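This report refers to the structure that appears directly beneath it.
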Amino acid sequence: MKEGVPHIICLFGPQGSGKGTQAERLSAWLGIPHISPGNIFRKAMADETDLGKQVADIINSGHLVPDEVTNTLMRERIEQEDCLMGFVFDGYPRNTAQNDALHAMTQLTHALVIDIPEEESLHRIGERRVCSQCGMTYHLTFKPSKVTGVCDVCGSALTHRDDDKPDAIRKRLDIYHTSTEPLITSFEQRGIVHRINGMGSIDDVWKRVQEAIQKE
Ligand SMILES: [Zn+2]
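Numbering (this note's numbering), first residue to last: 10 to 225.
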């Protein structure tokens, strides 16, 4: 691994691949921020900031957050001082418009793609539980709450969201295959794509992620 050189990493993977968890580990290991638009939006909504109110209005009216909003947010985020030695994007870019914006703002050093079969996605997400209050996510097998059905952070009830049921998962997998996967091709041409087998434990996958980063 090169010392003193920024790591600008994107994590890709279908729903249930565990990329959020691996992004957190990369962030801690490399000492660089983990940047997830979803997390930023959820926190902004919980804190009721101007961004949060704007995003809540969009989502409550049944729309997706427009790419321009996400792109602006990401550009402002990576200009902050804690991003000088790099950062880990998780959940960005998701489509061509976001990918084009990314190319204009920075050059990735690594695109990590965590692969798991569809059946595994369905199984893993089916066990996901989300805090009804603060949005913290848990998993019955991989990341259980200390008390069953209760959030460790805020003590509120955990829910099994409709989004985490099979029909909704299949819909999101379709979107991943059609909108996000083609982006990986653009990074393959630059030789920065590392395909990682996402099966096994979080620690198994983490070893593969570290190997991919160290192999430079
Ligand atoms: Zn909570």
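Don't be surprised by glycine CBs; every beta carbon is placed ideally from N, CA and C. These numbers were taken from a predicted model, which means no experiment stands behind them.
For F21, the secondary structure class from DSSP, reduced to helix, strand or coil, is strand.
The continuous alpha helix (DSSP H) containing H132 extends over residues 127-135. Residue side-chain check: M145 places its Cβ nearer than 8 Å to a non-hydrogen atom of ligand 1.
Each of G25, Q223, P15, K224 was checked against the Cα of I123, and the nearest Cα belongs to G25. Contact between the stretch 23-43 and the stretch 177-185 is present, with at least three C-beta pairs closer than 8 Å. Distance between G95 and P15, taken at the CA atoms: about 5 Å.
Y101 carries a coil assignment under DSSP once its states are collapsed to helix, strand and coil. The stretch 105-121 makes no contact with the stretch 52-66: fewer than 3 CB pairs, one atom from each, lie closer than 8 Å. Counted as a single uninterrupted DSSP element, the stretch harbouring A120 is not any alpha helix (DSSP H) but the beta strand (DSSP E) occupying residues 119-124.
Rounded to the nearest whole angstrom, the C-alpha separation of H169 and F21 is 24 Å. Distance from the CA atom of L82 to the CA atom of P46, rounded to whole angstroms, is 8 Å.
Not a single heavy atom of ligand 1 lies less than 8 Å from the C-beta of G158.
Taking the CA atoms as reference points, G71 sits about 30 Å from P42. By the Cβ neighbour-count rule, P102 is buried, with 16 or more other Cβ atoms within 10 Å of its own. Boundaries of the alpha helix (DSSP H) harbouring I184: 175-184, taken from the DSSP string.
It is roughly 13 Å from the alpha-carbon of C140 to the alpha-carbon of N48. Non-local beta-carbon contacts of G144 in its own chain, meaning distances under 6 Å to residues more than five positions away in sequence, involve R51 in chain order. Shown here for P75: same chain residues with a beta carbon closer than 8 Å to its own, the five before and five after excluded, namely I67 in chain order. Proximity to D99 across I18, E77, E197, P191 peaks at I18, based on C-alpha coordinates. Spanning the alpha carbons of Q107 and L149 requires a straight line of approximately 33 Å.
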